[in-house]
Amino acid sequence: MRYFFIIIIMVAAMMSCSHSGDAHDHESHGDAHEKEVHEHENKDAHEGHEGEIIFSQAQAKAVGLTTETVKVGPFNDVIKVSGQIMASSLGEHTVVASSSGIVTLMPAATTEGNRINSGQTIASISSRNLQDGDPTERARIDYETALREYNRSKTLASQKIISQKEMELVEQRFRTAKANYEGIAKTVTDRGVSVKAGMSGYVKNISVTQGDYVSMGQPIMTITQTRRLMLRADMPQQRYGQLKTVSTANFRPASDSKIYKLKDLNGKLLSYGKTAQQTGPYITVTFEFDNVGDLMAGTYADVYLIGSERQGVISIPKTSLTEDQGIYHVYTKVKGEKDAYLKREVTIGQDNGQRVEIISGLHNGDEVVTKGTYQIKLASIQTTIPHGHSH
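What the sequence shown shows, in my numbering, is residues 22 to 412, in sequence order.
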């Protein structure tokens, strides 16, 4: 009997362990299923645009962010070359010494860029203490001598004492001496011979320094009128075939970040070289335009020669581009979102200084950032969501 009760207790214990294991297994399978459902829900919750950059409307307003809707349209072929802004040859005047002597420059004529008016005295030339004597005094003496000889010869000629030919030679010497003296005398001041500007403009360059000795006819300075300037572009010989399509240009002076359009400056094509320059393999293309700003002759510039027009081209402002190790990117707004942007790699083509051709990476209707690109780039370092976010 005792053995019978022992067997019953052992069987009951085994059955209890079996039920406990089943319950544990059931509980483990339940937890695993619940975990799987939770992970699936999390995955669904994070479905979205990969790599989105969050930039709030308040941030956009603060930095003045602007965008442009991409549209397919016309774009001109562009040849980018180097060049130089030059003074128009029709707007320059060289002031020369009207006598020999020591030059004294007036204050307005001592600094390049100063404004000079027509008829304004820019220098005086004195030769009072020179070994050769004062040319003004010599001219006066020559004139008075010639005048006396002329008056005496007229009396002799009337009495047939000298021939008509001799009289004509005396008269010629007299008139020459008179013209020479009067030309100098009307410019003589206490300081010496006065030198005046022949036109209004600005001092382009000064050829002498204070106290220099100058000879008659020697250049003293050049005055330029900056109302019209010239733009010289040096185009490589291998692009000569495209030259016939060029009619205008854009340019950016080395001293300025602004792009100027010749068509906005009453510009026109003057000429282009038919042969290469001796100094290098270039063809010179010359334009003329109005100087409506503060452009200075002599400044070097990047020149964008504008050629024939092409249709069906996507172009965007150059301010939209960012560059990383030779790879270009833009930032576009996520459609339907007010504060989400995407970084897009693009392939660029030609640019005219203001806009750049996009070969690939953008499509018609995309909304691209045109101002505030750098701020978006900075924000992308901190707010990029690798796997998107829920909306």
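The C-beta atom is built at its ideal place from N, Cα and C for all residues, glycine as well.
On a predicted model such as this, the values are computed, not experimentally measured, just so you know.
**Message:** Considering Cα atoms alone, identify which of R249, L168 and T87 is closest to A108.
**Reply:** As a first step, residue 108 must be located in the sequence shown, where it is residue number 87. With distances taken between Cα atoms, A108 lies closest to R249.
**Item:** Helix, strand or coil at I162 [DSSP, three-state]
**Value:** Position 141 of the sequence shown, counting from 1, holds the residue named residue 162. In the structure shown, I162 sits in a helix (DSSP, three-state: H, G or I).
**Prompt:** Which two residues bound the contiguous beta strand (DSSP E) that contains K354?
**Reply:** Position 333 of the sequence shown holds residue 354. Counting along the chain, the beta strand (DSSP E) containing K354 begins and ends at I348 to K354.
**Asked** Does E133 come within less than 7 Å of chain D when only Cβ atoms are used?
**Response** In the structure shown, chain D cannot be found, because there is only a single protein chain.
**Message:** Measuring only the C-alpha atoms, how far is V116 from T307?
**Reply:** Position 95 of the sequence shown, counting from 1, holds the residue named residue 116. Position 286 of the sequence shown, counting from 1, holds the residue named residue 307. The alpha-carbon atoms of V116 and T307 are separated by roughly 26 Å.
**Asked** If you draw a straight line from the alpha carbon of R331 to that of I379, how long is it in whole angstroms?
**Response** Taking the sequence shown and counting its residues from 1, one reaches residue 331 at position 310. Taking the sequence shown and counting its residues from 1, one reaches residue 379 at position 358. When rounded, the distance between both Cα atoms is 13 Å.
**Request:** Return helix, strand or coil for H50, following the three-state DSSP convention.
**Result:** The count along the sequence shown starts at 1 and reaches residue 50 at position 29. Any reading at H50 is ruled out, since the residue's pLDDT is 41, under 50, leaving its predicted position unreliable.
**Between the CA atoms of D285 and M251 - distance to the nearest angstrom** = For the purposes of this step, residue 251 is identified with residue 230 of the sequence shown, where counting begins at 1. For the purposes of this step, residue 285 is identified with residue 264 of the sequence shown, where counting begins at 1. Roughly 15 Å between the two C-alpha positions.
**With 16 other Cβ atoms within 10 Å as the buried cut-off, status of G328** = Sequence index remark: in the sequence shown, residue 328 carries index 307 (1-based). Classification for G328: buried.
**Message:** Please state the DSSP three-state secondary structure of S120.
**Reply:** Position 99 of the sequence shown, counting from 1, holds the residue named residue 120. S120 falls in the coil class under three-state DSSP.
**Request:** Could you name each continuous beta strand (DSSP E) segment of 3 residues or more that falls completely within the stretch 235-271, going from the start of the chain to the end?
**Result:** 240-245 and 249-257
**Message:** Please classify G232 as buried or exposed, where buried requires at least 16 other C-beta atoms within 10 Å of its C-beta.
**Reply:** For the purposes of this step, residue 232 is taken as residue 211 along the sequence shown, with counting starting at 1. By the 10 Å Cβ count, G232 comes out exposed.
**Request:** Less than 8 Å between the CB atoms is what I'm expecting for A270 and L326, so what's the real figure, rounded?
**Result:** Here residue 270 refers to the residue found at position 249 of the sequence shown. Here residue 326 refers to the residue found at position 305 of the sequence shown. About 5 Å; that satisfies the 8 Å criterion.
**Message:** Taking only three categories from DSSP, how would you classify E57?
**Reply:** Position 36 of the sequence shown, counting from 1, holds the residue named residue 57. Residue placement at E57 is flagged as unreliable, the pLDDT there being 42, under the threshold of 50; the coordinate-derived value follows with that caveat. Residue state, collapsed to three classes: helix.
**Message:** Helix, strand or coil, according to DSSP, for G374 in the structure here?
**Reply:** Working through the sequence shown from its first residue, we reach residue 374 at position 353. G374 falls in the coil class under three-state DSSP.
**Request:** Go ahead and label G238 buried or exposed: buried means 16 or more other beta carbons lie within 10 angstroms of its beta carbon, across all protein chains shown.
**Result:** Stepping through the sequence shown from its first residue, residue 238 is reached at position 217. It is exposed - the Cβ of G238 has fewer than 16 other Cβ atoms within 10 Å.
**Asked** Can you give the Cα-Cα distance for K101 and M256, rounded to whole angstroms?
**Response** Taking the sequence shown and counting its residues from 1, the one referred to as residue 101 is at position 80. Taking the sequence shown and counting its residues from 1, the one referred to as residue 256 is at position 235. In a straight line, the C-alpha of K101 is about 8 Å away from that of M256.
**Item:** One or two residues paired with N97 in a DSSP bridge
**Value:** Position 76 of the sequence shown, counted from the start, is the residue given in the question as residue 97. Bridge partners of N97: E330.
**Asked** Per DSSP, R365 is paired with what?
**Response** To locate residue 365, count along the sequence shown from 1; it is residue 344. Paired residue(s): V351.
**Prompt:** Looking at C-alpha atoms only, which residue of A198, F272, G112 and E189 is the closest neighbour of L168?
**Reply:** Position 147 of the sequence shown holds residue 168. Ranking A198, F272, G112 and E189 by Cα distance to L168 puts A198 first.
**Asked** How should L283 be labelled, buried or exposed, when 16 other C-beta atoms within 10 angstroms of its C-beta is the threshold for buried?
**Response** Residue 283 sits at position 262 when you count from the first residue of the sequence shown. With 16 or more Cβ atoms within 10 Å of its Cβ, L283 is classed as buried.
**Prompt:** CB-CB under 6 Å to D98, same chain, minus the five flanking residues each way: which ones, in chain order?
**Reply:** Position 77 of the sequence shown, counted from the start, is the residue given in the question as residue 98. Hits under 6 Å: G328 and S329.
**Request:** With a threshold of 16 other CB atoms inside 10 Å of the CB of L190, please say whether the residue is buried or exposed.
**Result:** Taking the sequence shown and counting its residues from 1, the one referred to as residue 190 is at position 169. Answer is exposed; the Cβ neighbour count stays below 16.
**Item:** Top-ranked residue by Cα proximity to S77, from V313, I280, K354 and I337
**Value:** Here residue 77 refers to the residue found at position 56 when the sequence shown is read from its first residue. Per the Cα distances, K354.
**Request:** Determine the direct distance from the alpha carbon of G134 to that of I75, and round the result to whole angstroms.
**Result:** Counting from one through the sequence shown, the residue named residue 75 turns up at place 54. Counting from one through the sequence shown, the residue named residue 134 turns up at place 113. Taking the straight line joining both Cα atoms gives about 51 Å.
**Message:** Quick check: the Cα distance between K364 and P128, rounded to an integer number of angstroms?
**Reply:** For the purposes of this step, residue 364 is taken as residue 343 along the sequence shown, with counting starting at 1. For the purposes of this step, residue 128 is taken as residue 107 along the sequence shown, with counting starting at 1. For K364 and P128, the distance between alpha carbons rounds to 59 Å.
**Message:** As a quick exercise: from G386, S336 and D360, pick the residue whose alpha carbon is nearest that of E370.
**Reply:** Within the sequence shown, residue 370 is the residue found at index 349, counting from 1. Note that residue 370 corresponds to Gly in the displayed sequence, not to Glu. Here the closest residue by C-alpha is S336.
**Message:** Does I241 pass the burial test, meaning 16 or more other C-beta atoms within 10 Å, or should it be called exposed?
**Reply:** By 1-based counting over the sequence shown, the position of residue 241 is 220. Label assigned to I241: buried.
**Prompt:** With which residues is S103 paired in a DSSP beta bridge?
**Reply:** Here residue 103 corresponds to residue number 82 of the sequence shown, with the count starting at 1. Paired residues: D255 and D323.
**Item:** Inter-residue spacing [alpha-carbon to alpha-carbon] between Y145 and A218
**Value:** Along the sequence shown, read from residue 1 onward, the residue named residue 145 stands at position 124. Along the sequence shown, read from residue 1 onward, the residue named residue 218 stands at position 197. Contrary to the premise, residue 145 reads as Ser rather than Tyr in this sequence. Answer to the nearest angstrom: the Cα atoms are 12 Å apart.
**Message:** Please report the straight-line C-alpha distance between D387 and V91, rounded to a whole angstrom.
**Reply:** Within the sequence shown, the letter at position 366 stands for residue 387. Within the sequence shown, the letter at position 70 stands for residue 91. Their backbone Cα atoms lie some 5 Å apart in a straight line.
**Prompt:** In this structure, does DSSP put V84 in helix, strand or coil?
**Reply:** The count along the sequence shown starts at 1 and reaches residue 84 at position 63. Note: V84 maps to helix in three-state DSSP.
**Prompt:** CB-CB under 8 Å to R376, same chain, minus the five flanking residues each way: which ones, in chain order?
**Reply:** Translated into positions along the sequence shown, residue 376 becomes position 355. Taken in chain order, the residues that qualify are F96, S336, I337, P338 and K339.
**Message:** Quick check on N172: does DSSP put it in helix, strand or coil?
**Reply:** Position 151 of the sequence shown, counted from the first residue, corresponds to residue 172. N172: helix per DSSP, three-state reduction.
**Prompt:** Under 7 Å between the Cβ atoms of Y362 and I397?
**Reply:** Counted from its first residue, the sequence shown places residue 362 at position 341. Counted from its first residue, the sequence shown places residue 397 at position 376. For Y362 and I397, yes; Cβs fall inside 7 Å.
**Request:** From the DSSP output, read off the bridge partner residues of I137.
**Result:** Along the sequence shown, one-based indexing puts residue 137 at 116. Looking at the DSSP assignment, I137 forms a beta bridge with G222.
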